[in-house]
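So the structure is just underneath, and the comments pick up after that.
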Ligand code: C2E
Ligand code: CA
Ligand code: CA
């Protein structure tokens, strides 16, 4: 998909080879961008500050400071410009650099292996590429906020944790399949704080079980009325055939696998709300399932016996992926977003995604890809037979209320 460049975009080029720099400049100006070129990192950062480019073309290998270092600086400054990485190193190294930049929250437009043709660069500059949106930037005050155990304890008492929901859809039909519940801490002074900042501490300080309990209570309180077939207490406005078979995924920590009463409490929650256990999927990261293999096997088996589903999260990033997948009673495998997000730029990532999807099929598991950020990625997943997709291209995580509105807008009300 190519679009004409409408408002003036600004491309800043950093390359130690003036000839390459000038060539990029020439091509970019030809498609309507304003350009600046420099061959030194010092000038680059100065121009970056004063000129605020919308695009950056960056050479990976330079004598003074390599491109990876430059990207580190850009990430630290939360640079929002779209990045094109160029280099004569092999495509695997380039791909790795692209992934590393995306993981740092930078917006990667593409990677170009030198020598590249004018057409390659022109296509990139004219492509309406999906913005690989960096995570919402925390407010400056929240960044410096040192979270302590007592802060979390107080937040639990004050019920400051909320759950947001991200939809999952069927890759080929596009129909809604379910949601993943993701916790947020709405701090009274600092605003929303992302789970990566407090889950590890909650786990280390023994507060994770209580946090999980609050997440389950809140998300079931939202989800159960949505699933109710008819009559009292059903969420109004959503057509029953849409909610048929919808599932809710909840993340659980490895520590929870030591809590022997977890399964019983869960069953009570479901019974109390008239929710079938088959509607719930518990997501576990593969490394976390390793901590205590004997206890995890027992608890996870009990969960499955009761009818709950189990998903192995972030698959492909741990060390014993295959072993975990075969040994523990999972019903779903979730391809890690780092591969899915880069699948359209990297052949290597596509190979990983496809291998995991194939593996899932041969083990009779449902396959889910998360981090789907473009229509192209979704089409690719459908083509290789991945069952479900989740990601910013479909929807961002939303509050319970906004999710209901999203369902209405997508499927209409009765
Ligand atoms: P996760 O389970 O892998 O969750 C997916 C993360 O990817 C979420 O980040 C989500 O917002 C983000 N994401 C979804 N689609 C896209 C996309 O297209 N592009 C990009 N760049 N990102 C996408 P979030 O909400 O910050 O959660 C981070 C992690 O925190 C989760 O990773 C999960 O491991 C943990 N977590 C979240 N909620 C809970 C919870 O209730 N309990 C526990 N134990 N852990 C939780
Ligand atoms: Ca998850
Ligand atoms: Ca994940």
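Residue numbers (the numbering used here): 1 to 414. Yeah, the Cβ is synthetic: ideal placement off N, Cα and C, and Gly gets one too. Here the structure is a predicted model, which is why all the values come from computation and not from measurement.
State the start and end residues of the unbroken beta strand (DSSP E) segment that holds residue 113. As a position in the chain shown, residue 113 is number 113, starting the count at 1. That run of the beta strand (DSSP E) goes 107-113.
Paired residues, beta bridge with residue 163 - DSSP: The sequence position of residue 163 within the chain shown is 163, counting from 1. DSSP lists 183 as partners of residue 163.
Going by DSSP, which residues form a beta bridge with residue 34? Position 34 of the chain shown, counted from the first residue, corresponds to residue 34. The partner list for residue 34 (beta bridge, DSSP) reads 10.
Count the C-beta pairs between the stretch 113-125 and the stretch 8-28 that are closer than 8 Å, then say yes if the count reaches three, no if not. Pairwise C-beta distances place the stretch 113-125 in contact with the stretch 8-28, as three or more of them are shorter than 8 Å.
Let me make sure I understand the geometry here. Which of 304, 282 and 335 has the alpha-carbon closest to that of residue 311? Counting from 1 along the chain shown, the entry for residue 311 is found at position 311. Here the closest residue by C-alpha is 282.
So residue 126 and residue 109 are supposed to be a Cβ contact under 8 Å. How far apart are they, rounded? Residue mapping note: residue 126 aligns to position 126 of the chain shown, counting from 1. Residue mapping note: residue 109 aligns to position 109 of the chain shown, counting from 1. Not confirmed; about 11 Å, so no contact.
Do residue 375 and residue 393 count as a contact pair if the criterion is CB distance below 8 Å? Position 393 of the chain shown, counting from 1, holds the residue named residue 393. Position 375 of the chain shown, counting from 1, holds the residue named residue 375. Result yes, Cβ atoms of residue 393 and residue 375 sit closer than 8 Å.
Assign residue 219 to one of two classes, buried (16 or more other C-beta atoms within 10 Å of its C-beta) or exposed (fewer than that). As a first step, residue 219 is located in the chain shown; it is residue number 219 there, counting from the start. Residue 219 is buried by the Cβ-count criterion.
Distance cut-off 7 Å: residue 182 Cβ against heavy atoms of ligand 1: In the chain shown, counting from the first residue as 1, residue 182 sits at position 182. Indeed, a heavy atom of ligand 1 lies less than 7 Å from the Cβ.
Beta-bridge pairing of residue 59 - partner residues as DSSP gives them: For the purposes of this step, residue 59 is taken as residue 59 along the chain shown, with counting starting at 1. Answer by DSSP bridge pairing, in chain order: 86.
Check whether the Cβ of residue 314 sits closer than 7 Å to any heavy atom of ligand 1, and report yes or no. Translated into the one-based positions of the chain shown, residue 314 becomes position 314. Yes, since a heavy atom of ligand 1 falls inside the 7 Å radius drawn around the Cβ of residue 314.
According to the neighbour-count rule (16 or more other Cβ atoms, all chains shown, within 10 Å of its Cβ), is residue 94 buried or exposed? In the chain shown, residue 94 corresponds to position 94, counting from 1. Looking at its Cβ environment, which holds 16 or more other Cβ atoms inside 10 Å, residue 94 is buried.
Starting from residue 366, follow the beta strand (DSSP E) in both directions and report where the run begins and ends. Stepping through the chain shown from its first residue, residue 366 is reached at position 366. Here the beta strand (DSSP E) through residue 366 covers 366-370.
Ordered along the chain, which non-local residues of its own chain (more than five positions away) have a Cβ less than 6 Å from that of residue 223? By 1-based counting over the chain shown, the position of residue 223 is 223. Once the five neighbours on either side are set aside, the close Cβ partners of residue 223 are 248.
On the three-state DSSP scale, how would you describe residue 326? Stepping through the chain shown from its first residue, residue 326 is reached at position 326. Residue state, collapsed to three classes: helix.
For the alpha helix (DSSP H) containing residue 207, list its first residue and its last residue. What you label residue 207 is simply residue 207 of the chain shown in a count that begins at 1. Here residue 207 belongs to no alpha helix (DSSP H), and DSSP marks it neither H nor E.
Applying the criterion that 16 or more other CB atoms from any shown protein chain within 10 Å of the CB defines a buried residue, is residue 256 buried or exposed? Taking the chain shown and counting its residues from 1, one reaches residue 256 at position 256. When all chains shown are included, residue 256 counts as buried.
CB of residue 283 to nearest heavy atom of ligand 2: below 7 Å? Counting from 1 along the chain shown, the entry for residue 283 is found at position 283. Yes, ligand 2 has a heavy atom inside 7 Å of this Cβ.
Tell me, please, whether the stretch 401-408 touches the stretch 345-365 by the rule of three or more beta-carbon pairs shorter than 8 Å. Counting Cβ pairs under 8 Å, fewer than three are found: no touch.
Quick check: the Cα distance between residue 206 and residue 100, rounded to an integer number of angstroms? Stepping through the chain shown from its first residue, residue 206 is reached at position 206. Stepping through the chain shown from its first residue, residue 100 is reached at position 100. Each residue's Cα considered, the two are about 32 Å apart.
Check whether the Cβ of residue 362 sits closer than 7 Å to any heavy atom of ligand 4, and report yes or no. No copy of ligand 4 appears in this structure; the ligands present are ligand 1, ligand 2 and ligand 3.
Within its chain, find whatever has a CB closer than 6 Å to the CB of residue 104; leave out the 5 residues flanking it on each side and keep chain order. In the chain shown, the residue the question calls residue 104 occupies position 104. Cβ neighbours of residue 104 beyond the five flanking positions: 75.
Is the CB-CB distance between residue 225 and residue 235 below 8 Å? Taking the chain shown and counting its residues from 1, the one referred to as residue 225 is at position 225. Taking the chain shown and counting its residues from 1, the one referred to as residue 235 is at position 235. If you check the CB distance, residue 225 and residue 235 come in under 8 Å.
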